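*Asks:* For what it's worth, the numbering used here labels the leading residue of the sequence shown as 529, then goes sequentially. Backbone N, C-alpha and C define an ideal beta-carbon position, used for all residues, glycine too. Being a predicted model, the structure only gives us computed values, none of them experimental.
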Amino acid sequence: MSQLLFNITLIISFMFAASIVREQIIYRVEGINRYKMYRLIYYGCSYGLLGSILMIYTIKIDSTIILDLRFLAVTIVCLYAGMVPAIIAACIIGIMRLLLFGITASGIIGAATIIIYLLPASFIGGCLVYLVGRYICISSNDKSA
């Protein structure tokens, strides 16, 4: 239970630190704010780093079962920033999986799993943003209130 709490605290702290760095670098440097690609690359790299850190700090469920929350990093960046940063983050997490734990059968399966997970996460993220956007538009045009 304490390992799960540590991982959740790590995710929240990383999101806060990433937003502070984003404010200091992306929005204050003249000219970078115009280019959306810099922001997308920043989000992808930072959440790829988060997923790599989450792979190191695993949650031990049983003597043979280990859980890591690297999928949450891809889901969060997909919901907040879109598909391009999610692709960058998934590729970084997949490469770090191979570098940290070696090129074995389970390492290749783990790296492929995070990239395959990207497809449903991006679809769900896109649908959720679409539905919330429609709800906001419909609610703001309500004349009866």
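I'd like to know whether the C-beta atoms of Tyr570 and Arg550 end up nearer to each other than 9 angstroms.
*Replies:* Taking 9 angstroms as the Cβ cut-off, Tyr570 and Arg550 qualify as a contacting pair.
*Asks:* So, with DSSP's three-state summary, where would you put Ile587?
*Replies:* Strand at Ile587.
*Asks:* Please name the residue in Leu582, Leu628 and Phe542 whose C-alpha comes closest to that of Leu532.
*Replies:* Nearest of Leu582, Leu628 and Phe542 to Leu532, Cα basis: Leu582.
*Asks:* Tell me which residues share the same chain as Gly635 and place their Cβ nearer than 7 angstroms to its Cβ, disregarding the 5 neighbours each side in the sequence.
*Replies:* Here the set comprises Arg625, Leu626 and Phe629.
*Asks:* Using DSSP bridges, identify the partner residues of Leu532.
*Replies:* Looking at the DSSP assignment, Leu532 forms no beta bridge with any residue, so it has no partner.
*Asks:* Please list, in chain order, all residues of the same chain as Ile595 whose beta carbon is under 7 angstroms from its beta carbon, the five residues on each side excluded.
*Replies:* Note that residue 595 is Leu in the sequence shown here, rather than Ile. Result list for Leu595: Thr586, Ile587 and Ile589, in chain order.
*Asks:* Just to confirm my understanding: we take Leu597, look at its own chain, exclude 5 residues before and 5 after, and list those with CB closer than 6 angstroms. What are they?
*Replies:* For Leu597, where only same-chain residues beyond five positions count, the Cβ hits under 6 angstroms are Asn535 and Leu582.
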